Amino acid sequence: MKLYSLSILYKGATKSNLLKAATDLSSFSFFQRSSIQEFMTFTSALIVERTSQGSRASVKEQEYLCHVYVRNDSLGAVVIADTEYPQRVAFTLLDKVLDEFSRQVDSIDWPSGNPETINYKTLDIHLSKYQNPREADAMTKVQAELDETKIILHNTMESLLERGEKLDDLVAKSEHLGNQSKAFYKTKAQQGEGQSAPEELCVKAGFRVASVQRLLSASECSSAAESL
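Using full-length UniProt numbering, count along the sequence shown one by one with no gaps and you end on 228.
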């Protein structure tokens with residue numbers, strides 16, 4: 001069981017704003033870590049943008065799950081984990097982090113803050129502690145209402161794109177991807193590898209969230225809401 005990324009974002013009217021992020025890239029190739037981290041941030045931002053206020057969802061991408069919770073006040077968090085990591089513990093982590101963050105950081109700073117200006121220093125600690133879900137669960141009192149909460153499960157990330165959207169355009173416009181990552185993405189796509197282009201970027205490092213190249217057109221989410 002593994003947690004790879006934990007991010008806190010603000011869901012704005014047109015896009016999300018990254019406030020703080022922590023990653024554990026120790027299992028990835030050193031030379032791939034920069035691009036992997038950028039694609040994690042890109043994916044987390046996209047998921048928050050496409051998640052309604054006051055809702056929780058889990059987005060499955062091959063052997064990975066991206067768990068997201070966006071509160072009614074537009075503060076959201078995403079944790080990227082493998083499929084073996086307990087969903088309930090993942091959402092407990094998101095609840096804990098968002099509650100703590102909202103008490104320490106004034107809401108006036110959420111729309112325009114960034115990881116450098118936001119004074120919140122415990123995200124890495126939470127990511128480290130929750131690597132062991134059994135230990136983390138013992139330390140945290142799970143709120144009873146969480147067990148009753150409906151969690152929307154997307155079998156793929158395909159349902160996040162609106163009709164007519166292309167991932168190529170989202171990648172090109174992304175502020176979270178550097179020129180190197182964008183150039184790599186564009187080069188592989190032009191080579192005609194199509195759907196597997198970004199997957200190659202992350203397979204070498206064992207993280208395949210970037211395989212969202214397959215999201216070339218939108219479709220309805222085929223999974224009904226599931227409870228924990």
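Glycine residues also receive a C-beta, built at the ideal position from the N, C-alpha and C atoms. In this text, all values refer to a predicted model and were calculated from it rather than measured experimentally.
Item, Value
"CB of residue 280 within 8 angstroms of CB of I80, strictly", "With the chain covering only 1 through 228, there is no way to say anything about residue 280."
"Whole-number beta carbon distance between I118 and L19, since they are thought to touch under 8 angstroms", "5 angstroms"
"N-terminal and C-terminal residue of the beta strand (DSSP E) that R56 is part of", "S55 to E61"
"Rounded straight-line distance, which links the Cα of L3 to that of R134", "13 angstroms"
"Spatial neighbours of G113 in its chain, beta-carbon cut-off 6 angstroms, leaving aside the 5 residues before and after", "L19"
"Close Cβ partners of Y120 (< 7 angstroms) along its chain, the five nearest in sequence each way excluded", "K20, F101, Q104 and V105"
"Residue range of the unbroken beta strand (DSSP E) whose run includes D95", "Taken as a continuous stretch (DSSP letters only), D95 belongs to no beta strand (DSSP E), being part of the alpha helix (DSSP H) at Q87 to Q104."
"D124: first and last residue of the uninterrupted alpha helix (DSSP H) it sits in", "L123 to K129"
"Below-8 angstroms beta-carbon distance, Y10 vs any chain B residue", "Annotation note: the requested chain B is absent from the structure, which comprises a single protein chain."
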